[in-house]
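Asker: Take a look at this one; I'll ask things after.
Residue numbers (our numbering): 5 to 458.
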């Protein structure tokens, strides 16, 4: 079998601006694309249901695009360190390339594999592809990592500008003798009995071509009004690029440069910066999903869980219009407007007094854009326990938020029609009193403040 190179795809399911793929093509030998469904390596977080649905369709799209250009995608599952080495042996590959990951468990898997491959005489190299600024390159004046966003982003912008995206390859020389591959359908990524993904199918088209189309649409139609309308959930002014970035169907470098060329900047680019800050934080705090970043919050006196309250929140049956609308949008589409995410998270943590980790886990399972950095990072921000977090005493009032950001009630009417003025039945009663629970949350927070002074 002639020498070949393996490109190990992970959260970079694209052909354009893919440095690992480019490195393999530069060797001028057959290229084998490989995706490993790793749910076994220590510390690797199993995907949630909505993510599994997206992954299935994005892999199908990637495989089709590789085949159009002469390549193919091999699918295997198991512990990545073992599976990749098996694929190397099966193919007689002389090199393996991948784009870097920044979670603690992922970095450990990658470092161990890189070392093992090199011992075996196989070239192994990794590349920067999923963030604009790698976490170790952005430091304070004292040489430490940042914990506040504004100086972090200022430091990023003082660095050399993000590199230009790499072009999409026209041809990908495939190996003549393909190695064995799993069937995507056999992985069971799609839901059945019941099939709850109808709303996801209606809302989304995964894959690189759809990602590029959506980016062009946003830059053409919505970028100019983004700063003004981004907080209004009924306006449809958000980019909807978050699941595309999560799965790497488009790179942040592509988004950055195309937004700049379209005359954008400012707030939209700073949202990319917030994503960078999440990955920066995870790199330095790998247990972000399970441990308070600010240790004084370990003293927060979470009361005994009332399962009925958690279930009401998950199902959008709290009696609070904006919260219910947001939670139903999430269940139906695998997505929720960012402003409403903050409101629903605040309600769970500070009105229901339920540990933020339970909310983070629900979003992990139901969001198509949940990743190991942004999901816990943003939950900790709302909880007050994270980096540059909103002060705990900043408690979103969902009724005032609705008046300010959904003044005509369009978003609520769409997702929770029983709250319309002309609804045939009275809306449900709230499961808690917003004022009373706000006071209870602030009283509980006193214990955190005492712990911080101790």
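Note that beta-carbon positions come from the ideal geometry of N, C-alpha and C, so glycine has one too. These numbers were taken from a predicted model, which means no experiment stands behind them.
1) Excluding the 5 residues flanking residue 211 on each side, which residues of the same chain have their C-beta closer than 6 Å to its C-beta?
2) Per DSSP, what are the beta-bridge partners of residue 12 in this structure?
3) Do you know how far the Cα of residue 163 is from the Cα of residue 375?
4) Quick one: what's got a C-beta closer than 6 Å to residue 258's C-beta in the same chain, skipping five residues either side?
5) When you compare only the Cα positions, how much space is there between residue 407 and residue 415?
6) Inspect the CB distances between the stretch 385–395 and the stretch 350–365 and report whether three or more fall short of 8 Å.
7) Is residue 400 buried or exposed, if buried means 16 or more other CB atoms sit within 10 Å of its CB?
8) Taking the C-alpha atoms as reference points, what is the distance between residue 425 and residue 413?
9) Kindly list the residues whose CB is nearer than 6 Å to the CB of residue 38, restricted to its own chain and excluding five residues on each side of it in sequence; keep chain order.
10) By how many angstroms is the C-alpha of residue 352 removed from the C-alpha of residue 305?
11) What are the boundary residues of the alpha helix (DSSP H) that residue 274 is part of?
12) Do residue 461 and residue 35 have their C-beta atoms closer together than 7 Å?
13) Per DSSP, what kind of secondary structure is residue 130 in: helix, strand or coil?
14) Residue 87 lies in the alpha helix (DSSP H); which residues open and close that run?
15) Is it buried or exposed for residue 1, if we count other Cβ within 10 angstroms and need 16 for buried?
16) What whole-angstrom Cβ distance do residue 262 and residue 223 have, given they're in contact under 8 Å?
17) Can you pull the DSSP bridge partners for residue 77?
18) Could you give the uninterrupted runs of the alpha helix (DSSP H) lying entirely in the stretch 338–383, keeping only those of 4 residues or more?
19) Compare the beta carbon distance of residue 338 and residue 54 with 7 Å and say whether it is the shorter of the two.
20) Can you tell me the Cα-Cα spacing of residue 181 and residue 97, whole angstroms?
21) Round the Cβ separation of residue 113 and residue 283 to the nearest angstrom and send it over; I've been treating them as touching at under 8 Å.
22) From the DSSP output, read off the bridge partner residues of residue 178.
23) What is the C-beta distance between residue 357 and residue 307, in whole angstroms, given that I count them as a contact (C-beta under 8 Å)?
24) Just verifying my parser: in three-state terms, what is the DSSP assignment at residue 331?
25) Here's the rule: buried if 16 or more other CB atoms are within 10 angstroms of the residue's CB, otherwise exposed. What is residue 397?
26) Which class does residue 255 belong to by DSSP, given the choice of helix, strand or coil?
27) Could you have a look at residue 225 and say whether DSSP puts it in helix, strand or coil?
28) Could you tell me the alpha carbon to alpha carbon distance between residue 455 and residue 444, rounded to whole angstroms?
29) Along the chain, where does the alpha helix (DSSP H) that runs through residue 203 open and close?
30) Hey, would you say residue 323 sits closer than 7 Å to residue 237, going by beta carbons?
31) Between the C-alpha atoms of residue 318 and residue 174, what's the straight-line distance to the nearest angstrom?
32) Could you tell me how far apart the beta carbons of residue 56 and residue 161 are, in whole angstroms, since I believe they sit closer than 8 Å?
33) Report the option in 130, 315, 343 and 300 whose CA atom is closest to the CA atom of residue 23.
34) Just the Cα atoms here: how many angstroms apart are residue 132 and residue 119?
35) So with Cβ pairs under 7 Å, would you call residue 25 a contact of chain D?
36) Give a yes or no on whether the C-beta atoms belonging to residue 287 and residue 139 are separated by under 7 Å.
Answerer: On the basis of the coordinates in this document:
1) Correct list, in chain order: 62 and 65.
2) 38 and 102, per the DSSP bridge assignment.
3) Whole-angstrom Cα-Cα distance: 26 Å.
4) Within its own chain, the residues whose Cβ lies closer than 6 Å to the Cβ of residue 258, once the five positions on either side in sequence are excluded, are 21 and 169, listed in chain order.
5) Their backbone Cα atoms lie some 11 Å apart in a straight line.
6) Cβ pair count under 8 Å is three or more, so yes.
7) By the 10 Å Cβ count, residue 400 comes out buried.
8) Each residue's alpha carbon lies about 10 Å from the other.
9) The answer, listed in chain order, is 10, 12, 78 and 91.
10) One C-alpha to the other measures close to 15 Å.
11) Residues 271–288.
12) A question about residue 461 goes unanswered here, because the residues of the chain that appear run from 5 up to 458.
13) Annotated three-state conformation of residue 130 is strand, per DSSP.
14) 84–95 is the extent of the alpha helix (DSSP H) around residue 87.
15) Outside the shown range of the chain (5 to 458) lies residue 1, about which nothing can therefore be said.
16) Taking 8 Å as the upper bound for CB-CB distance, residue 262 and residue 223 are in contact here, some 6 Å apart.
17) Residue pairing by DSSP places residue 77 opposite 37 in a beta bridge.
18) The stretch 338–383 contains these whole alpha helix (DSSP H) runs: 342–350 and 360–370.
19) One thing to note: residue 338 has its Cβ within 7 Å of the Cβ of residue 54.
20) Those two C-alpha atoms are separated by around 12 Å.
21) Your pair residue 113 and residue 283 does not check out as a contact, with CB atoms roughly 17 Å apart and the cut at 8 Å.
22) In the DSSP output, where bridge partners are listed per residue, residue 178 has 35.
23) Indeed they touch by this definition, with Cβ atoms about 5 Å apart.
24) Helix at residue 331.
25) Residue 397 is exposed by the Cβ-count criterion.
26) Of the three classes helix, strand and coil, the one that applies to residue 255 here is coil, per DSSP.
27) In the structure shown, residue 225 adopts helical secondary structure according to DSSP, grouped into three states.
28) Distance between the alpha carbons of residue 455 and residue 444 is about 18 Å.
29) For residue 203, the enclosing alpha helix (DSSP H) has its first and last residue at 202–207.
30) Result no, Cβ atoms of residue 323 and residue 237 do not sit closer than 7 Å.
31) Those two C-alpha atoms are separated by around 45 Å.
32) Rounded, the Cβ-Cβ distance is 36 Å, inconsistent with contact.
33) For residue 23, the closest C-alpha among the options 130, 315, 343 and 300 is that of 130.
34) Rounded to whole angstroms, residue 132 to residue 119 spans 18 Å at the Cα level.
35) Considering every chain present, this structure includes no chain D. It has just one protein chain.
36) Cβ distance < 7 Å, so residue 287 and residue 139 count as in contact.
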